[in-house]
Amino acid sequence: MSSPDAVDALFVDFGHALRDGGLSIGTDDLLTFCSGVAELDVTDLMDVYWAGRATLVRRREHVPIYNEIFQRFFFDNGASGSEELKKVMKSSSNAGATIEIPNTEEGLPGEISPDEVKLGYVASTSEIYRHKAFADCSDAELRQLRRLMSRMRVTPPKRRTHRMTRSRKPALLDMRRMVRESMRALGEPRELAFRKRKEKLRPLVLILDVSGSMADYSRNLLQFAYSARRANAKVDVFCFGTRLTRVTRSLDRRSPDDAMRLAGESVLDWDGGTRIGDSLKTFTRQARRSRLGRGAIVVICSDGLDRGDPQALAESMESLSRIAHRVIWVNPHRGDAVVYVPASLGMIVADPFIDEVHSGHNLASLERLADRLAKVG
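Here's what the structure looks like:
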């Protein structure tokens with residue numbers, strides 16, 4: 073992208089275009105707009121649109137005018153402003169390439185139709201990005217994917233306890249409660265009462281391989297772990313290359329970029345070698361002392377390219393399978409294959425102790441993993 077001064081100049085030109093179109097835009101409004109975009113992504117037209125919508129539009133009836141000028145300024149050839157800058161912004165705009173513009177009033181005069189402002193020359197949707205392998209994405213595409221992943225919500229897995237609680241829906245008859253209610257009504261039968269088993273959040277442990285062979289996937293898998301941690305305090309996250317490092321606390325940040333940076337700084341062997349067996353042995357040893365991982369769903373994200381002792385991996389996986397409620401392995405090299413056949417030595421050794429294998433090579437596969445985790449509690 074060009075210099076910050078050139079970017080600011082482009083946004084000032086946009087403000088002048090709005091002013092020429094009849095909107096009351098002051099210098100303070102433009103400064104607020106530029107500051108707002110600077111906090112987002114200046115190359116993403118979706119961010120630019122909403123930053124301007126929030127700071128430059130005061131009246132509901134001005135929204136159609138803003139929409140029309142925005143589309144004309146950023147997408148019509150010959151409009152004022154740097155064409156080079158606009159081309160960069162359009163080429164790197166958000167994966168959806170479109171932004172839905174909500175109607176603020178029905179039947180407003182001058183409202184453009186259809187209710188979409190095109191953000192990019194391609195008519196593709198986010199489906200293209202969701203199904204593209206992380207290893208095949210450019211840096212710009214990975215940035216957009218991570219923006220999408222930051223909005224992902226990982227539903228915490230739950231388990232049913234032995235304790236009972238009231239249920240509004242038909243379930244087990246609560247005879248004690250029905251008898252008590254009947255006695256209060258002088259023996260007259262009243263409505264049916266039901267009960268069900270209480271649910272509690274099940275612990276979730278994510279163990280991520282950040283060695284050199286996983287370089288194309290580790291950052292995105294850590295972003296997935298960040299989303300899981302944000303949704304459930306009972307999530308623990310570890311990273312390993314040649315040794316195990318707990319990064320749970322590093323992920324407790326509002327900004328995903330800050331969380332990724334802190335987690336990366338705490339893992340000293342990032343992009344190094346791989347010793348899966350030794351790392352899992354460290355985890356199971358900690359679990360025996362602190363009950364960490366007991367009854368949990370343990371998700372191991374690795375390609376299985378282990379440089380350590382296969383016997384150590386087998387023993388660690390056997391111990392882990394006894395501790396955990398379920399062991400799920402995420403291997404990006406599985407891809408979209410319907411039937412997975414272990415190829416690496418590490419996967420062959422670990423396979424007898426794995427309950428499920430998922431791919432995790434693109435956003436769509438991580439979304440499927442999130443859906444699955446919500447159901448295996």
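Residues in the sequence shown are numbered consecutively from 73, following our numbering.
From the three backbone atoms N, C-alpha and C, an ideal C-beta is built for every residue, glycine too.
Bear in mind the structure is a predicted one, so any value in this text is a computation, not a measurement.
Look up D281 in the DSSP assignment and give the residues it is bridged to. According to DSSP, D281 bridges with F312.
Could you spell out where the alpha helix (DSSP H) holding K230 opens and where it closes? Per DSSP, K230 lies in no alpha helix (DSSP H) segment; the continuous beta strand (DSSP E) that holds it begins and ends at 230-239.
Of all the alpha helix (DSSP H) runs that stay within the bounds of the stretch 341-425, which reach a length of 4 or more residues? Counting only runs of 4 or more, we get 348-362, 382-395, 417-422.
Would you tell me roughly how many angstroms separate the C-alpha atoms of L334 and E133, rounded to the nearest one? A direct Cα-to-Cα measurement between L334 and E133 gives close to 45 Å.
Neighbour-count burial assignment, V251, 16 or more Cβ in a 10 Å radius: Under this definition V251 is an exposed residue.
Just mark Q383 as buried or exposed, buried being the case when its beta carbon has 16 or more other beta carbons within 10 Å. Label assigned to Q383: exposed.
Inter-stretch contact (C-beta, 8 Å, three-pair minimum) for the stretch 88-108 and the stretch 124-144: Segment contact: the stretch 88-108 against the stretch 124-144, three or more CB-CB distances shorter than 8 Å; contact assigned.
Following the continuous beta strand (DSSP E) through L217, name the residue where it begins and the one where it ends. Premise fails: L217 lies in the alpha helix (DSSP H), 211-221, not in any beta strand (DSSP E).
Identify every residue that forms a DSSP beta bridge with H430. For H430, the beta-bridge partners assigned by DSSP are V402.
Can you list, in chain order, the residues of its chain with a C-beta nearer than 6 Å to that of A300? Leave out the 5 residues immediately preceding and following it. For A300, where only same-chain residues beyond five positions count, the Cβ hits under 6 Å are V226, V307.
Do L385 and I348 have their CB atoms nearer than 8 Å? With contacts defined as CB atoms closer than 8 Å, L385 and I348 qualify as a contacting pair.
Stretch-stretch touch, CB-based, cutoff 8 Å, three pairs: the stretch 315-334 with the stretch 251-271: Judged by Cβ distances under 8 Å, the stretch 315-334 makes no contact with the stretch 251-271, as fewer than three pairs qualify.
Determine contact between the stretch 241-255 and the stretch 211-229, defined as no fewer than three beta-carbon pairs at a distance below 8 Å. Counting Cβ pairs under 8 Å, fewer than three are found: no touch.
Residue range of the beta strand (DSSP E) that includes F266: Looking at the DSSP string, the run of the beta strand (DSSP E) that includes F266 is 266-273.
Among R125, F425, L220, L352, which one has its Cα closest to the Cα of T317? Minimum Cα distance to T317 is reached at L352.
Contact belief for V448 with P275 at Cβ below 8 Å, rounded distance in angstroms: A Cβ-Cβ separation of about 13 Å leaves V448 out of contact with P275 under the 8 Å criterion.
With burial defined as no fewer than 16 other Cβ atoms inside 10 Å of the residue's Cβ, what is the status of D119: buried or exposed? Under this definition D119 is a buried residue.
Indicate whether H234 and R267 have their beta-carbon atoms separated by less than 8 Å. For the pair H234 and R267, the CB atoms are not nearer than the 8 Å cut-off.
Can you name, in chain order, every residue of its own chain whose Cβ lies under 6 Å from the Cβ of Y289, other than the five neighbours on each side? F206, P404, listed in sequence order.
Mind checking whether E271 and R232 have CB atoms under 8 Å apart? Yes; because the gap between Cβ atoms is below 8 Å, this pair is in contact.
Are T314 and G345 touching if we call contact CB-CB under 8 Å? It is a contact, given that the beta carbons lie within the stated cut-off.
Reduced DSSP secondary structure (H/G/I, E/B, other) of V307: It is a strand residue.
L258 beta carbon less than 8 Å from that of Y298: No, the pair does not count as a contact, with Cβ atoms beyond the cut-off.
Residue from L245, F355, S431, L280 with nearest C-alpha to W342: Distance from the Cα of W342 is smallest, within the candidate group L245, F355, S431, L280, for L280.
Nearest-angstrom Cα distance between A442 and V402? Cα to Cα, A442 sits roughly 12 Å from V402.
Is the CB-CB distance between V421 and V399 below 8 Å? With contacts defined as CB atoms closer than 8 Å, V421 and V399 fail to qualify as a contacting pair.
Provide the residue span of the alpha helix (DSSP H) that contains P136, from first to last. Counting along the chain, the alpha helix (DSSP H) containing P136 begins and ends at 135-147.
Report the option in V319, P328, F310 whose CA atom is closest to the CA atom of M224. The shortest Cα separation from M224 among V319, P328, F310 belongs to P328.
Report yes if the C-beta distance between L117 and L95 is below 8 Å; otherwise report no. No, they are not a contact pair.
Check whether the Cβ atoms of V319 and V339 lie closer than 8 Å to each other. Taking the C-beta atoms as reference points, V339 is found nearer than 8 Å to V319.
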